[in-house]
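Enquirer: Protein chains in written order, with the working numbering: chain B, 1 to 351; chain U, 352 to 702. Glycine included, C-beta positions come from ideal geometry on N, C-alpha and C. Quick caveat, the model's predicted, so the values are computed rather than measured.
Printed below as a string of C-alpha cells:
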C-alpha cells in the first residue's frame, strides 16, 4: 500500500462518523509502522476524540517512529473540547504525518503543519486533495465563506413540474426516492423549508429510516410575513426545541423567543446560522424559497429527483431567479446520476 | 447457435436498412442449412428486395431443405413492387421458417404463416417477439392504429425550461447532443414543427451529419392561423417539395397546393399522414404544438435532452395538456439514459 491507499482508507474510516460530527468535519486516521497498519481511528462525534487521538488509543504497539495518515491537518488550537492533536503527535514521537488537506479554519490553516515541522516531524500534504475536499464539501465551503453549505433538493416530473394546476402534489416520486431523501436528511444538520410548505404540506421534517438511531436534524423555517400555522407538526412535536424560525416580521403565535430570529434578508440569516455553527443545510422547498436561495447564489449542491413522467401545467420546481443571459446559467458540475427504482436522481455541485 | 441467436442476427442485419425502408419495416433474414449459415440478407430500401429474397439471392448453396430465420412474417400480398415472399420460400423448397412477429398489417397478419403451413413448411413464431416489436416500434404502432408513430424531442434545463423570459433560447444543449438530434432526424420519415418555430427560429430541418448520403426527411409544418413567413428556409430550399403544410386556415402565401392540406384538427392530420404512408415522425416542437400532441395522446416516444443547468423563469418544455389527476400522468417506460458529453438524454416509450 502506498500513501494514496492509506489516505483512501482514512476516507472510509472518516465516513463512519457521518451525521454525528457537526459542525466538525469527517476525519479518519491510520497509523503505519514498518509498512503495517498498527492503528485505525476516526472522529466519532462532536465533542469526542479527534481521529488522531482515537487512532493513538487503538495502537497495537508503540506509535513512536510511525507514520500517521489523516485526511485533514491536525488541529493546533485549544478553544474546544479536546487538546490540540498536533501537540499530541509530537508527544507520541510520530515520525511522519501525511495529510490530504490543510484545515480551512483560519485558526488552523497550516499552523498545525508548522507546529509539527518545528518539532522535526516530516509532513506531506496536498495528496488526494480534491477527494478530501469532496468528503467534507460542506465544512470547506462553510469555513471559507462563513456561511452554511446549502444542498437543494428538488423533485419533479421530466417537464419540471412539482404539482398539477389543481395543487395535487403528493407522491411525485416513488418509495425508494422518498426513502433516500430521509437518508439525505440524516446527513445534514438542518432541514430548511419555507412557511408555504408548512402551511400546505405540514411535513414532519424528521428522519424516518428503519432502525435509525442517529441525530435528528434541526428544522429551519423561513417566513416573510411571520404567518405560520400554530398547530403544525414542527412547532408541536417532541423535536420542537430544534425548530428555528427565521422571519422578516413578528410571529403571530406563541413560540419560544430564543427559537425566533428576526432577519432583514437571507444573507443575514446565513450569517446567523453560521454563527450558530450550522455548516450543512438541506433545503427542501418550496419553490418560492428555493428560487430566493438561487437568486442570492446561496446554493452549493442540487439533488434532483425525476419521476419519468409529464404533468404539463402546474407548479414549477423553480421560478424566475433573475437570470438575464444563458451564458450565466448556473451549471451543475461533478454530476452523479442513479436510478432509485423508477426515479432518476441527478446530483451535482453548483458553485 | 440456437433459434434466438439466429433471430438476433436478423435484427443486426435488419438495422442496416435504417432510414431507407419507409414505410416498410426493418427486416433481416438468415438461411441455415445443416447448422451452418448459407446466406444473410436484409431489406435495403423501399421498393427493393424483401429480406427473404435478398438472402435467397446470396445463398452459397441450394436453399432446398434449409431453415430461414426472419424477424417478421413473410408477406403473402401482391399489391406492391415485389412478389410475395411466402410463395417464394415454397418455390425454393425451404423446410422451416422461424419468425419473431406476425405482420400487423391487416393484409398479412398470419396469412403468410398459413400459406407456408398449407405448403407443408414447418413454422415457429413468437420468439423474441418483444425485441422484434422494439426494432420496428413505429411500424407496429402505425399498422395497428392507422396513425403515424410520434417521437417527441424535448431539450431543456433541469428545471424544464427551454428559453429565458427574454426569449433567448439557442444552444441550451451542447454539440454532441445537437449532433445526436441529426442522427435521430435521419431515422424518421418526417420532422414535425409548429408555425411558431418556423417564425422564431427559421430552422433548416434537414439532416446535417458528416458524409451523410441518406434520405432527407419531409418537413411537416402545423399551423392554425395559416400565417407563415414566405421566406423561411423550409419553403425555399432545395427540399421544399418535401415540405407539407397542415393548416386549419387558408395559407397567406404562394406554395404548391398539393403540399397544403386543410385540416380541422390533429386527428384528421394523423389520418391523412398515415394515408400518405408516413409511419414515423419526429416532433421537434415548439412547446405549444408538443402540448397539443400530448393533449390528444398522440405521442408514443419521448427523447428529452437535459442540459444540467437551471434557468428559473422562461418558456416551459410543455404547457397544460389537460391532466386532471396525478394518477393519470403519462409515464415513460422502457427508459434508456445516456450522457452525450455534458448533456443527459432520457428516452422512453409513452404508450
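Grab the span of the beta strand (DSSP E) containing residue 123 (chain B) for me, first residue to last.
Expert: Within the first chain, the letter at position 123 stands for residue 123 (chain B). 122-125 is the extent of the beta strand (DSSP E) around residue 123 (chain B).
Enquirer: Closer than 8 Å, CB to CB, is residue 161 (chain B) near chain U or not?
Expert: As a working note, residue 161 (chain B) is residue 161 in the first chain. It does: the Cβ of residue 161 (chain B) has a partner Cβ on chain U nearer than 8 Å.
Enquirer: Could you work out which residues of chain B lie near residue 671 (chain U), taking near to mean beta carbons separated by less than 7 Å?
Expert: The residue you call residue 671 (chain U) lines up with position 320 of the second chain. Neighbours of residue 671 (chain U) on chain B, chain order: 165, 312 and 313.
Enquirer: Which runs of the alpha helix (DSSP H) spanning at least 4 residues fall entirely within the region 86-139 of chain B, listed in chain order?
Expert: The region 86-139 of chain B contains these whole alpha helix (DSSP H) runs: 111-118 and 129-135.
Enquirer: Within 8 Å, do at least three Cβ pairs link the region 289-302 of chain B to the region 167-174 of chain B?
Expert: Touching, no, given that fewer than three Cβ pairs across the two stretches are closer than 8 Å.
Enquirer: Pairing CB atoms from the region 663-679 of chain U with CB atoms from the region 154-171 of chain B, are three or more of them under 8 Å?
Expert: Judged by Cβ distances under 8 Å, the region 663-679 of chain U makes contact with the region 154-171 of chain B, as three or more pairs qualify.
Enquirer: Under a three-way DSSP split, which group does residue 650 (chain U) fall into?
Expert: Looking up residue 650 (chain U) in the second chain gives position 299. Of the three classes helix, strand and coil, the one that applies to residue 650 (chain U) here is coil, per DSSP.
Enquirer: Going by the CB atoms, is the gap between residue 502 (chain U) and residue 662 (chain U) shorter than 8 Å?
Expert: For the purposes of this step, residue 662 (chain U) is taken as residue 311 along the second chain, with counting starting at 1. For the purposes of this step, residue 502 (chain U) is taken as residue 151 along the second chain, with counting starting at 1. No, these two residues do not count as a Cβ contact at 8 Å.
Enquirer: Starting from residue 235 (chain B), follow the alpha helix (DSSP H) in both directions and report where the run begins and ends.
Expert: Start at 1 with the first residue of the first chain, and residue 235 (chain B) comes out as number 235. Per DSSP, residue 235 (chain B) belongs to the alpha helix (DSSP H) from 233-236.
Enquirer: Please classify residue 593 (chain U) as buried or exposed, where buried requires at least 16 neighbouring CB atoms within 10 angstroms.
Expert: What you label residue 593 (chain U) is simply residue 242 of the second chain in a count that begins at 1. Buried.
Enquirer: In three-state DSSP terms, what is residue 631 (chain U)?
Expert: Here residue 631 (chain U) refers to the residue found at position 280 when the second chain is read from its first residue. It is a strand residue.
Enquirer: Which residue's Cα is closest to the Cα of residue 126 (chain B): B:344, B:335, B:100 and B:218?
Expert: Residue mapping note: residue 126 (chain B) aligns to position 126 of the first chain, counting from 1. Looking at the Cα atoms, B:100 is the closest of the given residues.
Enquirer: Quick check on the DSSP output: the alpha helix (DSSP H) that includes residue 268 (chain B) runs from which residue to which?
Expert: Within the first chain, numbered from 1, the residue matching residue 268 (chain B) stands at position 268. Unbroken alpha helix (DSSP H) run through residue 268 (chain B): 266-275.
Enquirer: Can you check DSSP and say which residues form a bridge with residue 666 (chain U)?
Expert: Mapped onto the second chain, residue 666 (chain U) falls at position 315. Beta-bridge pairing links residue 666 (chain U) to U:514.
Enquirer: Classify residue 106 (chain B) as buried or exposed, calling it buried when 16 or more other Cβ atoms lie within 10 Å of its own Cβ.
Expert: Numbered from 1 along the first chain, position 106 holds the residue referred to as residue 106 (chain B). Residue 106 (chain B) is exposed by the Cβ-count criterion.
Enquirer: Going along the chain, which residues of its own chain have a beta-carbon closer than 7 Å to the beta-carbon of residue 120 (chain B), five neighbours each way excluded?
Expert: Here the question's residue 120 (chain B) lines up with position 120 in the first chain. Nothing meets the Cβ criterion.
Enquirer: So, using beta-carbon positions, are residue 567 (chain U) and residue 557 (chain U) closer together than 8 Å?
Expert: In the second chain, the residue the question calls residue 567 (chain U) occupies position 216. In the second chain, the residue the question calls residue 557 (chain U) occupies position 206. Taking 8 Å as the Cβ cut-off, residue 567 (chain U) and residue 557 (chain U) qualify as a contacting pair.
Enquirer: Looking at the secondary structure, which residues open and close the alpha helix (DSSP H) in which residue 537 (chain U) lies?
Expert: Residue numbering aside, residue 537 (chain U) sits at position 186 when the second chain is read from its first letter. Here the alpha helix (DSSP H) through residue 537 (chain U) covers 526-537.
Enquirer: Is it a yes or a no for the region 377-387 of chain U touching the region 405-421 of chain U, going by three-plus beta-carbon pairs under 8 Å?
Expert: Contact holds: three or more Cβ-Cβ distances are below 8 Å.
Enquirer: Apart from the five residues just before and just after residue 375 (chain U), which ones in its own chain have a Cβ nearer than 7 Å to its Cβ?
Expert: Indexing the second chain from 1 puts residue 375 (chain U) at position 24. So the list reads 394 and 397, once near-sequence residues are dropped.
Enquirer: Could you check the C-alpha separation between residue 113 (chain B) and residue 76 (chain B) for me, to the nearest Å?
Expert: Locating residue 113 (chain B) in the first chain gives position 113, where the first residue counts as 1. Locating residue 76 (chain B) in the first chain gives position 76, where the first residue counts as 1. So the alpha carbons of these two residues sit roughly 9 Å apart.
Enquirer: Cα separation between residue 67 (chain B) and residue 1 (chain B)?
Expert: Counting from one through the first chain, the residue named residue 67 (chain B) turns up at place 67. Counting from one through the first chain, the residue named residue 1 (chain B) turns up at place 1. One C-alpha to the other measures close to 13 Å.
Enquirer: Could you give the DSSP three-state label for residue 248 (chain B): helix, strand or coil?
Expert: Taking the first chain and counting its residues from 1, one reaches residue 248 (chain B) at position 248. Looking at residue 248 (chain B) - three-state DSSP - the assignment turns out to be coil, as it is neither helix nor strand.
Enquirer: Would you check if the distance between the CB atom of residue 402 (chain U) and the CB atom of residue 365 (chain U) is smaller than 8 Å?
Expert: Position 51 of the second chain, counted from the first residue, corresponds to residue 402 (chain U). Position 14 of the second chain, counted from the first residue, corresponds to residue 365 (chain U). Their beta carbons are under 8 Å apart, which means residue 402 (chain U) touches residue 365 (chain U) by this criterion.
Enquirer: For residue 325 (chain B), which of helix, strand or coil comes out of DSSP?
Expert: Indexing the first chain from 1 puts residue 325 (chain B) at position 325. Three-state DSSP puts residue 325 (chain B) in coil, outside helix and strand.
Enquirer: Indicate whether at least one CB of chain U lies closer than 8 Å to the CB of residue 316 (chain B).
Expert: Taking the first chain and counting its residues from 1, the one referred to as residue 316 (chain B) is at position 316. Yes - at least one Cβ of chain U is within 8 Å of the one on residue 316 (chain B).
Enquirer: Please report whether the beta-carbon of residue 535 (chain U) lies at a distance below 8 Å from any beta-carbon of chain B.
Expert: Position 184 of the second chain, counting from 1, holds the residue named residue 535 (chain U). No - not a single Cβ of chain B is within 8 Å of the one on residue 535 (chain U).
Enquirer: Name the residue from B:157, B:90 and B:143 whose alpha carbon lies nearest to the alpha carbon of residue 117 (chain B).
Expert: Taking the first residue of the first chain as 1, we reach residue 117 (chain B) at position 117. Of the listed residues, the one whose Cα sits closest to residue 117 (chain B) is B:90.
Enquirer: Could you compute how far the alpha carbon of residue 414 (chain U) sits from the alpha carbon of residue 532 (chain U)?
Expert: Indexing the second chain from 1 puts residue 414 (chain U) at position 63. Indexing the second chain from 1 puts residue 532 (chain U) at position 181. About 42 Å.
Enquirer: Pull up the distance between the alpha-carbon of residue 291 (chain B) and that of residue 109 (chain B), whole angstroms please.
Expert: Mapped onto the first chain, residue 291 (chain B) falls at position 291. Mapped onto the first chain, residue 109 (chain B) falls at position 109. Rounded to whole angstroms, residue 291 (chain B) to residue 109 (chain B) spans 34 Å at the Cα level.
Enquirer: Could you confirm whether any beta carbon from chain A is found closer than 8 Å to the beta carbon of residue 331 (chain B)?
Expert: Structure shown: chain A not included; protein chains present are B and U.
Enquirer: Buried or exposed: which applies to residue 559 (chain U), given that a residue is buried once 16 or more other Cβ atoms fall within 10 Å of its Cβ?
Expert: The residue you call residue 559 (chain U) lines up with position 208 of the second chain. Exposed: under 16 other Cβ atoms inside 10 Å.
Enquirer: What residues in the region 636-650 of chain U have a beta carbon less than 7 Å from any beta carbon of chain B?
Expert: Answer set for the region 636-650 of chain U: 642 and 645.
Enquirer: Is the beta carbon of residue 142 (chain B) closer than 8 Å to that of residue 263 (chain B)?
Expert: Counted from its first residue, the first chain places residue 263 (chain B) at position 263. Counted from its first residue, the first chain places residue 142 (chain B) at position 142. No, the pair does not count as a contact, with Cβ atoms beyond the cut-off.
Enquirer: Whose Cβ in chain B lies nearer than 8 Å to the Cβ of residue 659 (chain U)?
Expert: Here residue 659 (chain U) corresponds to residue number 308 of the second chain, with the count starting at 1. Within 8 Å Cβ-Cβ: 331, 332, 335, 346 and 348.
Enquirer: Quick one: give me the first and last residue of the beta strand (DSSP E) that residue 696 (chain U) is part of.
Expert: The count along the second chain starts at 1 and reaches residue 696 (chain U) at position 345. 694-700 is the extent of the beta strand (DSSP E) around residue 696 (chain U).
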